[in-house]
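Peer 1: Last residue of the sequence shown: number 133 in my numbering, and the count goes up by one each step with no gaps. All C-beta atoms in this analysis are idealised placements derived from N, C-alpha and C, irrespective of residue type, glycine included. No experiment lies behind these values; they were computed from the predicted model shown. One structure, pasted below without further comment.
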Amino acid sequence: MSTETTNSTELDLDAIEARATAATAGPWTTGEDGLVWPPQMGDPVSGSVWLPDAEFIAAARTDVPSLVAEVRRLRAELDDERLRVGELRQDLRAADDSIGFLQQQIDGIRNGTA
């Protein structure tokens with residue numbers, strides 16, 4: 020099994036999701052012996068001599084897919100917000116242009132050149 024070290028901005032969600040999908044179906048549970056069990060009968064999927072580690076491993080089976088979905092949702096929301104910011108910037112430039120034009124008109128009236 021290979022593990023990759025990536026920083027949080029370089030998450031390969033497709034690869035993470037593929038690993039989660041390929042793993043034994045969940046939810047997984049832990050026994051007091053530290054073994055991590057799938058819902059169907061068979062061999063344990065993992066284990067640890069320290070129960071908190073075993074509980075973490077078991078929870079990861081459902082946590083990872085949930086986290087992938089949440090990251091995708093947040094990325095989509097961020098993309099939408101970026102589009103909205105772009106639209107607002109265009110609106111602001113148009114408003115600035117209008118203000119500049121109106122200021123020229125006001126200055127012309129004040130100077131008697133309009």
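Please list, in chain order, all residues of the same chain as residue 50 whose beta carbon is under 7 Å from its beta carbon, the five residues on each side excluded.
Peer 2: Closer than 7 Å at the Cβ level, and outside the excluded window around residue 50, lie 56.
Peer 1: Are the segment 99 to 117 and the segment 70 to 77 touching by the rule of at least three beta carbon pairs closer than 8 Å?
Peer 2: In short, these stretches do not touch, since the Cβ pair count stays below three.
Peer 1: Are the beta-carbon atoms of residue 87 and residue 32 separated by less than 8 Å?
Peer 2: Going by C-beta atoms, residue 87 is nearer than 8 Å to residue 32.
Peer 1: Give me the Cβ distance between residue 63 and residue 54, rounded to the nearest whole Å; I'm assuming they're in contact under 8 Å.
Peer 2: Yes, residue 63 and residue 54 are in contact; Cβ-Cβ is about 4 Å, under 8 Å.
Peer 1: Assuming residue 90 and residue 30 make a contact with CB atoms under 8 Å, what is their CB distance in whole Å?
Peer 2: About 7 Å separates the two Cβ atoms, so the contact holds.
Peer 1: Per DSSP, what kind of secondary structure is residue 132 in: helix, strand or coil?
Peer 2: Coil, per DSSP.
Peer 1: Using CA coordinates, which residue listed in 60, 59, 48 and 94 is at the minimum distance from residue 72?
Peer 2: The option with the nearest alpha carbon to residue 72 is 48.
Peer 1: Let me confirm a value: residue 80 is counted as buried when at least 16 other C-beta atoms fall within 10 Å, else exposed. Which label applies?
Peer 2: When all chains shown are included, residue 80 counts as buried.
Peer 1: Please report the straight-line C-alpha distance between residue 35 and residue 92, rounded to a whole angstrom.
Peer 2: Looking at the two C-alpha atoms, the distance is approximately 15 Å.
Peer 1: Could you round the C-beta distance between residue 44 and residue 58 to whole angstroms and report it? I think they count as a contact, below 8 Å.
Peer 2: Yes, they are in contact, since the Cβ atoms of residue 44 and residue 58 sit about 7 Å apart, within 8 Å.
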